[in-house]
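There are 2 protein chains.
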Amino acid sequence: MEKKVTIRDVARAAGVSPGTASRAMNNSPLVTEDTRRLVLEAAQRLNYQPNIMARRLSLGQTLTIAILAPFFTRPAFVARLQGIVQALQDTSYDLLIHNIDNPQSRVQAFEQMLKTQRVDGAIIISLPLDEATRDLLSRSKTPVVLIDTPSSADLEVSQVMVDDVAGGAQATSHLINLGHRRIAFLGDTADPHFEFTSSKHRHRGYLQALEAAGIPVNPRYYCECDIARDAARQAALRLLKADPRPTAVFAASDTQALGVLEAARELGLRVPEDLSVVGYDDLEIADHIQLTTIHQQLIVSGVRGAHLLLARLENASAPVVKEVLPTSLVVRRTTAPPPAA
Amino acid sequence: MEKKVTIRDVARAAGVSPGTASRAMNNSPLVTEDTRRLVLEAAQRLNYQPNIMARRLSLGQTLTIAILAPFFTRPAFVARLQGIVQALQDTSYDLLIHNIDNPQSRVQAFEQMLKTQRVDGAIIISLPLDEATRDLLSRSKTPVVLIDTPSSADLEVSQVMVDDVAGGAQATSHLINLGHRRIAFLGDTADPHFEFTSSKHRHRGYLQALEAAGIPVNPRYYCECDIARDAARQAALRLLKADPRPTAVFAASDTQALGVLEAARELGLRVPEDLSVVGYDDLEIADHIQLTTIHQQLIVSGVRGAHLLLARLENASAPVVKEVLPTSLVVRRTTAPPPAA
DNA sequence: CGGTTTCATTAAACCGGTTTAATCGCTCAT
DNA sequence: ATGAGCGATTAAACCGGTTTAATGAAACCG
Chain A
1 MEKKVTIRDV ARAAGVSPGT ASRAMNNSPL VTEDTRRLVL EAAQRLNYQP
51 NIMARRLSLG QTLTIAILAP FFTRPAFVAR LQGIVQALQD TSYDLLIHNI
101 DNPQSRVQAF EQMLKTQRVD GAIIISLPLD EATRDLLSRS KTPVVLIDTP
151 SSADLEVSQV MVDDVAGGAQ ATSHLINLGH RRIAFLGDTA DPHFEFTSSK
201 HRHRGYLQAL EAAGIPVNPR YYCECDIARD AARQAALRLL KADPRPTAVF
251 AASDTQALGV LEAARELGLR VPEDLSVVGY DDLEIADHIQ LTTIHQQLIV
301 SGVRGAHLLL ARLENASAPV VKEVLPTSLV VRRTTAPPPA A
Chain B
1001 MEKKVTIRDV ARAAGVSPGT ASRAMNNSPL VTEDTRRLVL EAAQRLNYQP
1051 NIMARRLSLG QTLTIAILAP FFTRPAFVAR LQGIVQALQD TSYDLLIHNI
1101 DNPQSRVQAF EQMLKTQRVD GAIIISLPLD EATRDLLSRS KTPVVLIDTP
1151 SSADLEVSQV MVDDVAGGAQ ATSHLINLGH RRIAFLGDTA DPHFEFTSSK
1201 HRHRGYLQAL EAAGIPVNPR YYCECDIARD AARQAALRLL KADPRPTAVF
1251 AASDTQALGV LEAARELGLR VPEDLSVVGY DDLEIADHIQ LTTIHQQLIV
1301 SGVRGAHLLL ARLENASAPV VKEVLPTSLV VRRTTAPPPA A
């Protein structure tokens, strides 16, 4: 085995001290061009590879950014991640990912990431915050950026949000404009730990749109379920058994909209003739099955979030920025006027 | 600002030496229970958070695993990643992700990951290997595991593979058994840098099945395109213009199968009455649109890969293992006997 | 020509852990 | 009482970089 070659070996080979070797390789102006050349040649010759960990310890920074997110329960997350990766491509930052599924592991994971100087900064995606976490974040000295993180509006932390209330209203207004009056809402099960979720916000937009149109709210047209498609299917079956049956369903996510479409198929309801369906997210699949949905700028949100964090890392006193990205309605083939009946 | 508290602070507060404090916190049997308690209490009281980088430098290991993969061009990748994360959940390893899109950045990225002691091990997913990379890997002293990586059979590196030839044969035999004779194949564009890709293997299985059934191969029923859905749509339009028109298409991925379905819709062909379609991957969407496809154990492949790497990390002399996971045919509603014609 | 500046370079300290070698305090056997 | 043996603890070295304080040599100046 080749023993690992250290900077001291390089220094010796170049006939200089380790300090000088270090400076030579870090483009310090304090070394002659001649010595620099000598050192670089020696490094080359010995195939020197600096030990990153030693460097990080000495420098006191990790050149690493963590991403904390519920990786696999949210398809939309991957798109945001794509934006982040894209934005960080040309920087020298490493990207550490940490999946957060269960709420109980959450605070612990945060502690670990933010307090152990493991990373220089963190991006948190799609995680509703409970009190403990909010505290932790506001106290944290490592810069954090939040993307699509409800219950954080009053935190002194940079963030990129999507206007879910407006999106919910857009979807609902679209249905109302088509002539629907019996519009059901299918949202996420509210985790009792978190007061506000994007599903809740979308629901609020739904309520606002109904109210603006003077349509009374029917509590039987409201249902919550797990985000999984099959749970949504079953929930939709319940919703569609209401009498009178809703003529349209607004699902808080495309995944759930898929469940609604399955339920409709099982019940022999044609879409959009008998039932209109609107989703939320505009995942790639939405295009394929021609689902009318609310488009979010997922990739953009990742890019913007990464840039906010970079700004903060370069300049610790960069201002806290809160960006709100707009949503847009994408009309495809799952919505139409309600049946004449 | 609170100055950071080091292990020496804890030691002083507990009235012991740093060495003892270190041992106490690492469950060394060389400390009295009394002293351990003292140290732990002090650590608690001072809210001590060990500096990971110092620990890593001292230990000579990074407790980090890198994942190198084409993140966003391959949906199947996310499922494999899920398996990896799951398997690594309870270990103390951090997960570093590095997206690899363009071939030219590949070798450089590998060099960086494998030679700078940045990570203890690496998992490479879905990346066909060129000569330079193969060299690099066989020479690398940091353990590597390959998942779904063609052109690597002869490398002395642990790997998890899927039997793509068998899978291709399964799909094709299914169509043949239904009575099809005019079966088209739609695969990935072969990157000129790599001789073998999974698409190529699936195609070989297709050829084997045809030959076994005594069906002559029609070169007009072969087409390559980019993996994007829209590219597949256009390629499928070309395939379906052949005369006589194929009665079935086997697509080398579900994503491409979606493109075929779109093309069929555009041409007014009913699926499966006029055209049968088989995909490959069994992504979640396949279930929803009821696509007949070849199921791969994507999550399992991630889990197995992670375990192989862990075994290697715990015991540097663990044997090289090459696992082949079987595929299975999932019959849904996009395949049927060919039209009577 | 002596004294100050300047600048490249070196020696030593530092980052914050872990680990080895040395030390201390006890018990047990002779 | 002596010392061998052993377990817990400490002091010091180490991991491999970077940075600060000190040094040496050449350049500059009156």
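As you go down the protein sequences, you meet chains A and B in turn.
Reading the first sequence from the start, the letters are residues 1 to 341 in our numbering.
Reading the second sequence from the start, the letters are residues 1001 to 1341 in our numbering.
Note that CB positions come from ideal geometry on N, CA and C, so glycine has one too.
Legend entry - beta strand (DSSP E) runs contained entirely in the segment 1100 to 1186 of chain B, provided each spans 3 or more residues: 1121 to 1125, 1144 to 1147 and 1158 to 1162
Inset, instruction - Scan the segment 1088 to 1101 of chain B for residues whose Cβ lies nearer than 7 Å to a Cβ of chain A and list them as they occur along the chain. - result: Asp-1094, Leu-1095, Leu-1096, Ile-1097 and Asn-1099
Inset, instruction - Could you tell me which residues DSSP pairs with A:Val-278 in its beta bridges? - result: Taking the first residue of the first sequence as position 1, residue 278 of chain A is located at position 278. A:Phe-250 and A:Thr-292, per the DSSP bridge assignment.
Legend entry - Delimiting residues of the alpha helix (DSSP H) encompassing A:Ser-14: Here the question's residue 14 of chain A lines up with position 14 in the first sequence. Reading off the sequence shown, one finds Ala at residue 14 of chain A, where the question assumed Ser. 7 to 14 is the extent of the alpha helix (DSSP H) around A:Ala-14.
Inset, instruction - Report the option in A:Leu-127, A:Ala-169 and A:Gly-60 whose CA atom is closest to the CA atom of A:Gly-279. - result: For the purposes of this step, residue 279 of chain A is identified with residue 279 of the first sequence, where counting begins at 1. For A:Gly-279, the nearest C-alpha among the options comes from A:Ala-169.
Inset, instruction - Using a Cβ-Cβ cut-off of 7 Å, state whether A:Ile-52 counts as contacting chain B. - result: Locating residue 52 of chain A in the first sequence gives position 52, where the first residue counts as 1. By this cut-off, A:Ile-52 is an interface position.
Inset, instruction - Would you list the one or two residues that DSSP bridges to A:Ala-66? - result: Along the first sequence, read from residue 1 onward, the residue named residue 66 of chain A stands at position 66. Partner(s): A:Leu-96 and A:Ala-122.
Inset, instruction - Rank B:Val-1303, B:Gly-1305, B:Ala-1213 and B:Pro-1339 by C-alpha distance to the C-alpha of B:Leu-1275 and give the top, closest one. - result: By one-based count along the second sequence, residue 1275 of chain B stands at place 275. When each option's Cα is compared against that of B:Leu-1275, the closest is B:Pro-1339.
Legend entry - Three-state class that DSSP yields for B:Asp-1188 in the structure shown: Here residue 1188 of chain B corresponds to residue number 188 of the second sequence, with the count starting at 1. Three-state result, B:Asp-1188: strand.
Legend entry - Cβ of B:Gln-1256 within 7 Å of any chain A Cβ: Taking the first residue of the second sequence as 1, we reach residue 1256 of chain B at position 256. Taking Cβ atoms only, chain A never reaches closer than 7 Å to B:Gln-1256, which makes this a no.
Legend entry - Contact belief for A:Leu-114 with A:Leu-136 at Cβ below 8 Å, rounded distance in angstroms: Translated into the one-based positions of the first sequence, residue 114 of chain A becomes position 114. Translated into the one-based positions of the first sequence, residue 136 of chain A becomes position 136. The pair is a contact, with the Cβ atoms about 7 Å apart (cut-off 8 Å).
Inset, instruction - Step through the CB atoms of chain B and report whether any lies within less than 7 Å of the CB of A:Gln-44. - result: Working through the first sequence from its first residue, we reach residue 44 of chain A at position 44. No, A:Gln-44 lies away from the interface with chain B (no Cβ there is under 7 Å from its Cβ).
Inset, instruction - Starting from B:Ile-1285, find everything on chain A with Cβ-Cβ shorter than 7 Å and list it in chain order. - result: Numbered from its first residue, the second sequence carries residue 1285 of chain B at position 285. Going along chain A in sequence order, the residues near B:Ile-1285 (Cβ under 7 Å) are Ile-285.
Legend entry - Contacts of B:Gln-1049 in chain A (Cβ-Cβ under 7 Å): For the purposes of this step, residue 1049 of chain B is taken as the residue at position 49 of the second sequence. Under the 7 Å cutoff, chain A gives Lys-115 and Thr-116.
Inset, instruction - Quick one: list the residues of chain A neighbouring B:Phe-969, beta-carbon separation under 7 Å, in chain order. - result: Nothing can be reported for residue 969 of chain B, as the shown portion of chain B is limited to 1001 through 1341.
Inset, instruction - Flag this pair as touching only if the segment 232 to 247 of chain A and the segment 317 to 332 of chain A have three or more C-beta atom pairs under 8 Å; answer yes or no. - result: no
Inset, instruction - Just mark B:Asp-1034 as buried or exposed, buried being the case when its beta carbon has 16 or more other beta carbons within 10 Å. - result: As a working mapping, residue 1034 of chain B is identified with position 34 in the second sequence. Flag for B:Asp-1034 reads exposed.
Inset, instruction - Look up A:Ser-58 in the DSSP assignment and say whether it is helix, strand or coil. - result: If you number the first sequence from 1, residue 58 of chain A lands on position 58. Helix.
Legend entry - 8 Å Cβ shell around A:Leu-210 - same chain, five flanking residues per side excluded: As a first step, residue 210 of chain A is located in the first sequence; it is residue number 210 there, counting from the start. Closer than 8 Å at the Cβ level, and outside the excluded window around A:Leu-210, lie Thr-172, Ile-176, Ile-183, Pro-216 and Val-217.
Inset, instruction - Determine, using beta carbons only, whether B:Ala-1014 and B:Ala-1042 come nearer to each other than 7 Å. - result: On the second sequence, position 14 is the one that residue 1014 of chain B refers to. On the second sequence, position 42 is the one that residue 1042 of chain B refers to. For B:Ala-1014 and B:Ala-1042, yes; Cβs fall inside 7 Å.
Inset, instruction - Check whether the segment 1118 to 1131 of chain B touches the segment 117 to 131 of chain A, counting contact only when three or more Cβ pairs, one atom from each stretch, lie closer than 8 Å. - result: no
Inset, instruction - Flag A:His-174 as yes if its beta-carbon sits less than 7 Å from any beta-carbon of chain B, otherwise no. - result: The sequence position of residue 174 of chain A within the first sequence is 174, counting from 1. No, its Cβ sits nowhere closer than 7 Å to a Cβ of chain B.
Legend entry - Within chain B, partners of A:Ile-227 - CB distance below 8 Å: Here residue 227 of chain A corresponds to residue number 227 of the first sequence, with the count starting at 1. The contacting residues do not exist; A:Ile-227 stays about 13 Å from chain B at best.
Inset, instruction - For B:Phe-1185, collect the residues of the same chain with a Cβ closer than 7 Å to its Cβ; drop the 5 residues on either side in sequence, then sort them by chain order. - result: Against the second sequence, residue 1185 of chain B aligns to sequence position 185. Correct list, in chain order: His-1203, Tyr-1206, Tyr-1221, Tyr-1222 and Phe-1250.
Inset, instruction - Determine contact between the segment 1081 to 1093 of chain B and the segment 1104 to 1111 of chain B, defined as no fewer than three beta-carbon pairs at a distance below 8 Å. - result: no
Inset, instruction - Below 8 Å on the Cβ atoms is my guess for B:Asp-1009 versus B:Leu-1046; work out the distance and round it to an integer in Å. - result: The sequence position of residue 1009 of chain B within the second sequence is 9, counting from 1. The sequence position of residue 1046 of chain B within the second sequence is 46, counting from 1. Correct: roughly 6 Å between the Cβ atoms.
Legend entry - Coil, strand or helix - A:Tyr-222 by DSSP: Position 222 of the first sequence holds residue 222 of chain A. Of the three classes helix, strand and coil, the one that applies to A:Tyr-222 here is strand, per DSSP.
Inset, instruction - Could you say which of B:Ala-1286, B:Asp-1282 and B:Leu-1267 lies nearest to B:Ile-1299 if we only look at CA atoms? - result: Looking up residue 1299 of chain B in the second sequence gives position 299. Of the listed residues, the one whose Cα sits closest to B:Ile-1299 is B:Asp-1282.
Inset, instruction - Within 10 angstroms of the Cβ of A:Arg-270, are there 16 or more other Cβ atoms? Answer buried if so, exposed if not. - result: Against the first sequence, residue 270 of chain A aligns to sequence position 270. So A:Arg-270 counts as exposed.
Inset, instruction - Answer yes or no: do B:Asp-1120 and B:Leu-1313 have a C-beta to C-beta separation smaller than 7 Å? - result: Locating residue 1120 of chain B in the second sequence gives position 120, where the first residue counts as 1. Locating residue 1313 of chain B in the second sequence gives position 313, where the first residue counts as 1. Yes, the Cβ-Cβ distance between B:Asp-1120 and B:Leu-1313 is below 7 Å.
Inset, instruction - With DSSP collapsed to three states, give me the class of A:Ser-328. - result: The sequence position of residue 328 of chain A within the first sequence is 328, counting from 1. Of the three classes helix, strand and coil, the one that applies to A:Ser-328 here is strand, per DSSP.
Inset, instruction - Please check the pair B:His-1174 and B:Leu-1329, which I expect to be a contact at CB under 8 Å, by giving their CB distance rounded to whole angstroms. - result: Start at 1 with the first residue of the second sequence, and residue 1174 of chain B comes out as number 174. Start at 1 with the first residue of the second sequence, and residue 1329 of chain B comes out as number 329. Rounded, the Cβ-Cβ distance is 6 Å, consistent with contact.
Legend entry - CA nearest to the CA of B:Gln-1049, picked from A:Ala-54, A:Arg-56, A:Thr-116 and A:Glu-273: Reading the second sequence from its first residue, position 49 is the one you call residue 1049 of chain B. With distances taken between Cα atoms, B:Gln-1049 lies closest to A:Thr-116.
Inset, instruction - Have a look at B:Thr-1334, B:Asp-1226 and B:Arg-1118 and flag the residue whose alpha-carbon is nearest the alpha-carbon of B:Lys-1141. - result: If you number the second sequence from 1, residue 1141 of chain B lands on position 141. Closest option to B:Lys-1141, Cα to Cα, is B:Arg-1118.
Inset, instruction - Rounded to whole angstroms, what's the CA-CA distance from B:Thr-1064 to B:Gln-1086? Just pull it up for me. - result: Mapped onto the second sequence, residue 1064 of chain B falls at position 64. Mapped onto the second sequence, residue 1086 of chain B falls at position 86. C-alpha separation (whole angstroms): 15 Å.
Inset, instruction - Check the Cβ-Cβ distances between A:Leu-57 and every residue of chain B, and say whether any is below 7 Å. - result: Against the first sequence, residue 57 of chain A aligns to sequence position 57. A:Leu-57 counts as touching chain B.
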